[in-house]
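Numbering (the UniProt record's numbering), first residue to last: 1 to 320.
Yeah, the Cβ is synthetic: ideal placement off N, Cα and C, and Gly gets one too.
Notes for the one structure printed next.
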């Protein structure tokens, strides 16, 4: 689960959820005596608290979970957005830290503080900018607006955004990321951050530039990736598939289950674990709605002949 930085942390009403949250909290090696005393009081408040906590510890130490998580860590998944990748890999799936929303908020607060616009996991947001251009901010994303004097554009701090830019030859629109820039006059395109910056063009022309100075020009139906060293070769895209998320859908054509889950993971409020590498290589083709990611996980599991195990609302395991 990913919280907007200005949201309050919700109260955990369920005893099992409270136990899971305490387990996550106690993994911090900087926890103090006050926290330990609070935990002791929570345990003593009701006999069911100790029972629930013991179940968490037992689950955490179970060979089945350890095997699933180790297999998950070994599967080559498509890198998610940069902010999420820092939280979601081994430490996140392995320690249940998702279960306490306060931990996730602290992992994101710097970028949330810098951002002018943000979205939570599963949320999309359309905004009209000062010059009449518009952007659609995809799930778990953050941008900072760059409008000052003759300058117009945004800094994409994390995640993905789709832009429909109003033409203005005197003021090019510039999207800045960690790896480089995307410069346009008037067009429709998307930019996605991560280990690289991915650029897809739906209409018009964009110029992609790396920090080291290499440039490439993209036009309709083209894709490239930018890293700090340069801009990759241009490749074609299926625009209907690439921009399907704007209509609340994901489209996959003969892709591995591991890649499909990695993409779906961006929209789902919790970790999705594939228990073995062979299962992760199952080929998937389909056009799916994003409105219920839990139901979509079950659908994908059925297609792959897998079993879905919901260990908690924050951790789902797919196993053969």
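Just curious, the beta strand (DSSP E) that residue i is in, first and last residue?
| i | result |
| --- | --- |
| residue 316 | 315 to 319 |
| residue 123 | Counting along the chain, residue 123 falls outside any beta strand (DSSP E), and DSSP gives it neither H nor E. |
| residue 142 | 142 to 145 |
| residue 286 | 283 to 289 |
| residue 176 | 173 to 176 |
On the DSSP bridge assignment, give the partners of residue i in chain order.
| i | result |
| --- | --- |
| residue 227 | 230 |
| residue 164 | 134, 188 |
| residue 158 | 142 |
| residue 217 | 207 |
| residue 148 | 151 |
| residue 222 | 236 |
| residue 56 | Beta-bridge pairing links residue 56 to no other residue. |
| residue 179 | DSSP lists no partner for residue 179. |
| residue 114 | Note: residue 114 sits in no beta bridge, so no partner. |
| residue 309 | 317 |
| residue 197 | 226 |
Between which residues of its own chain and residue i is the CB-CB distance below 6 angstroms, once the five residues before and five after are set aside?
| i | result |
| --- | --- |
| residue 235 | 223 |
| residue 53 | 19 |
| residue 239 | 202, 221 |
| residue 267 | 122, 139, 290, 293 |
| residue 283 | 254 |
| residue 86 | In this prediction, residue 86 has a pLDDT of 36, which is less than 50 and means its spatial position is unreliable; nothing more can be read from the coordinates. |
| residue 106 | The predicted model places residue 106 with a pLDDT of 37, which falls under 50 and marks its position as unreliable; any figure quoted below should be read in that light. So the list is empty, once near-sequence residues are dropped. |
| residue 298 | 308 |
| residue 33 | none |
| residue 56 | 19, 20, 23 |
| residue 160 | 138, 141, 192 |
If you drop the 5 nearest sequence neighbours on each side, which residues of the same chain put their C-beta closer than 7 angstroms to that of residue i?
| i | result |
| --- | --- |
| residue 123 | 139 |
| residue 246 | 136, 162 |
| residue 165 | 133, 173, 184, 186, 187 |
| residue 197 | 177, 179, 180, 191, 225, 226 |
| residue 144 | 114, 115, 116, 154, 155, 157 |
| residue 252 | 260, 284, 285, 286 |
| residue 126 | 134, 136 |
| residue 219 | 201, 205 |
| residue 12 | For residue 12, the pLDDT reaches just 41, beneath the cut-off of 50, and the residue's location in the model is therefore unreliable, leaving the point undetermined. |
| residue 348 | Absent from the model: residue 348. The displayed extent of the chain is 1 to 320, so no value can be given. |
| residue 302 | none |
Skipping 5 residues on each side, what residues in its chain have a beta carbon closer than 8 angstroms to that of residue i?
| i | result |
| --- | --- |
| residue 146 | 152, 153, 154, 155, 174, 176 |
| residue 243 | 162, 190, 200, 202 |
| residue 279 | 257, 304, 306, 318, 319, 320 |
| residue 249 | 287, 288, 289, 290 |
| residue 168 | 131, 152, 185, 186 |
| residue 49 | 15, 18, 19, 42, 43 |
| residue 231 | 180, 208, 209, 210, 214, 215, 216, 224, 225 |
| residue 212 | 228, 229, 230 |
| residue 281 | 256, 257, 258 |
| residue 170 | 150 |
Which residues mark the beginning and the end of the alpha helix (DSSP H) in which residue i is found?
| i | result |
| --- | --- |
| residue 298 | 293 to 304 |
| residue 33 | 33 to 45 |
| residue 279 | 277 to 280 |
Shorter than 8 angstroms from the beta carbon of residue i to some beta carbon of chain C?
| i | result |
| --- | --- |
| residue 226 | Considering every chain present, this structure includes no chain C. It has just one protein chain. |
Below 8 angstroms, can you find three or more Cβ-Cβ pairs linking the region 174 to 186 to the region 215 to 234? Cβ pair count under 8 angstroms is three or more, so yes.
Can you list the alpha helix (DSSP H) stretches of 4 or more residues lying completely in the region 232 to 275, in chain order? 239 to 242, 257 to 264
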